[in-house]
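Using this note's numbering, you'd call the opening residue of the sequence shown number 4 and step up by one each time. Beneath this line is the structure, given in structure tokens, with notes to follow.
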Amino acid sequence: MKEYWTSLASLLGVLAFCQSLMNSVFPPELRFAFLKLFNRVFKLFSTFCYFDITEIDGVNTNELYNAVQLYLSSSVSIAGNRLSLTRAVNSSSVTFGLSNNDSIVDTFNTVTVVWEHIVTQRQTQTFAWRPMPEEKRGFTLRIKKKDKNLILDSYLDYIMEKANEIRRMNQDRLLYTNSRGGSLDSRGLPWESVPFKHPSTFDTLAMDPVKKQQIMEDLTDFAECQSFYERTGRAWKRGYLLYGPPGTGKSSMIAAMANYLRYDIYDLELTEVKSNSELRKLLMKTSSKSIIVIEDIDCSINLTNRNKKQSTGSYNEPEMLTGSGLGDDFARGFLCSRRITLRSLILHCLEVEEWICIYT
């Protein structure tokens, strides 16, 4: 054992002498060129390639960095040994993350990749319009060269999609209203939002169990069948008509649907909408993964007798609200309280796929 430590000390002494000799004989430029050549040779024979994703891109935040951080949070909670815990604003859950200079292995389409979280001190504070953080953070993706062209693009797209889903699931739901009479807020948005916290769920709804199960299955099929809508050339949206007297649970049904799908709610007040163009602007400012609710649709639509002529001699066509201005991934809820005629019901329910009658 004594001979082992003696040999190790001799070896370290030789290495120290060689390092000092190299520093004194070879100029810094030559040493830098040698290290650069060594790195090129190493990369030439290495079977891996590396991709760096920094937190700050110039002076802007790198969205890909935030997406990778959220995506890895769903894996490190199980596989990681040392984790950092965070909780974002309007979030109801704790997010797990990689600690400084830790790594984790991930698998995508049977291909194994390695993520490493790199944190270093920023050397110099360069001029910027806003102060830069003292630490320089980033992720390094290590992937085999033979797998780079196979999964890189699809893997990054999957990470962005998964991160958006995690962000949506972690954030509390929001309730939007257009109660300003068409005016815009400081950000130029026509919607006001407040946190949406409602205890109603499908477990607490008092309704026929068979019908309840049918509604839940229909919502699940809608949320998971985006490819079907794209394949058939249809917009990814679905409409529901809730019909029943006041106090029978129509609003509770909407809240249960929002909590089940974890969608935001847009409460569209048609009496505040002055024109069709204003309505279209409101719909264009809604986000995906949301439910658009139009209460008292029977009171908001001008349903008159088609056979009654106006003084000009022309027929007064009833106005009908459709969902042609909506984007993808919407569930629309039309609430109706009073009895309406079959003809008027058909007019404003042409795009409603599901009718739900709620009685006391």
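Quick reminder that beta carbons are idealized off the backbone N, C-alpha and C, glycines included.
Can you check DSSP and say which residues form a bridge with residue i?
i, result
"HIS120", "PHE142"
"SER278", "BP columns for SER278 are empty, so no partner."
"LEU286", "Beta-bridge pairing links LEU286 to no other residue."
"ARG125", "DSSP output for ARG125 lists no bridge partner at all."
"LEU101", "LEU86"
"VAL114", "PHE111"
"PHE51", "LYS147"
"LEU24", "Answer is none; LEU24 lacks a bridge partner."
"LEU178", "VAL197 and ILE268"
"ASN65", "ASN65 pairs with nothing; no bridge assigned."
"THR57", "GLY141"
With a CB to CB cut of under 7 angstroms and the five nearest residues on each side skipped, what residues in its chain are close to residue i?
i, result
"MET172", "ARG265"
"THR115", "VAL108"
"ASN103", "HIS120 and VAL122"
"LEU33", "none"
"ARG85", "SER102 and ASP105"
"ALA36", "none"
"ARG237", "none"
"TYR7", "none"
"LYS151", "CYS52"
"LEU15", "none"
For residue i, which option in the options has the closest C-alpha, if you only look at C-alpha atoms?
i, options, result
"LEU244", "SER203, ILE257 and ASP109", "ILE257"
"MET219", "LEU285, SER254, ASP206 and ASN103", "ASP206"
"ILE59", "PHE225, LYS288 and GLU138", "GLU138"
"MET260", "ALA226, GLU6 and CYS52", "ALA226"
"SER291", "LEU282, SER280 and TRP239", "TRP239"
"ARG283", "GLY252, GLN217 and PRO193", "PRO193"
"ILE169", "TYR263, GLY16, GLU233 and ALA70", "ALA70"
"ASP299", "SER278, THR289 and GLY247", "GLY247"
"THR113", "GLN229, ASP160, LEU153 and GLN22", "LEU153"
"CYS52", "TRP118, PRO31, GLU6 and VAL17", "TRP118"
"GLN174", "LYS151, PRO198 and GLU164", "PRO198"
Looking at residue j and residue i, is the spacing between their C-beta atoms short of 8 angstroms?
i, j, result
"LEU273", "VAL296", "no"
"LEU1", "LYS215", "A question about residue 1 goes unanswered here, because the residues of the chain that appear run from 4 up to 363."
"LEU155", "ILE162", "no"
"SER76", "GLY61", "no"
"LEU73", "ALA166", "yes"
"LYS200", "THR50", "no"
"VAL276", "LEU285", "yes"
Just curious, the beta strand (DSSP E) that residue i is in, first and last residue?
i, result
"MET195", "The residue asked about is misnamed: residue 195 is Glu in this sequence, not Met. That run of the beta strand (DSSP E) goes 195 to 198."
"LEU264", "That residue, LEU264, is in no beta strand (DSSP E); its alpha helix (DSSP H) goes 253 to 264."
"SER293", "293 to 297"
"LEU273", "Note, LEU273: premise wrong, no beta strand (DSSP E); not H, not E."
"GLY247", "Looking at the DSSP string, GLY247 is not in any beta strand (DSSP E), and its letter there is neither H nor E."
"SER106", "106 to 111"
"LEU208", "Segment: none, LEU208 is in no beta strand (DSSP E) and carries neither H nor E."
Near residue i, what residues of its chain come up, given a Cβ to Cβ distance below 6 angstroms and the 5 sequence neighbours on each side ignored?
i, result
"THR180", "GLU195 and ASP270"
"SER327", "Caution applies to SER327, whose pLDDT of 44 falls short of 50 and renders its modelled position unreliable; the value that the coordinates give is listed next. Here the set comprises nothing."
"ASP267", "ARG176, LEU177 and SER293"
"LEU67", "ILE56"
"PHE54", "LEU144"
"LYS311", "At LYS311, the pLDDT of 46 sits below 50, so the modelled position is not reliable; the number obtained from the coordinates is stated separately. Cβ neighbours of LYS311 beyond the five flanking positions: none."
"SER255", "SER203"
"TYR158", "PHE111"
"THR315", "For THR315, the predicted model reports a pLDDT of 44, less than 50, meaning its position is unreliable; a value from the coordinates is still stated below. Within the same chain, THR315 has no close Cβ partners at all."
"ASP229", "Here residue 229 turns out to be Gln, not Asp, going by the sequence shown. Same-chain partners within the cutoff: TRP239."
"TYR232", "TRP239"
"THR289", "TYR269"
With residue i as the anchor, note down where its alpha helix (DSSP H) starts and where it stops.
i, result
"VAL213", "212 to 227"
"SER157", "148 to 173"
Please tell me whether residue i has its Cβ less than 8 angstroms away from any Cβ of chain C.
i, result
"PHE231", "Absence of chain C from the displayed structure is noted, only one protein chain being present."
Give every residue of the same chain whose Cβ lies closer than 8 angstroms to the Cβ of residue i, excluding the five residues on either side of it in the sequence, and list them in chain order.
i, result
"ARG43", "none"
"TYR263", "THR204, PHE205, MET219 and LEU222"
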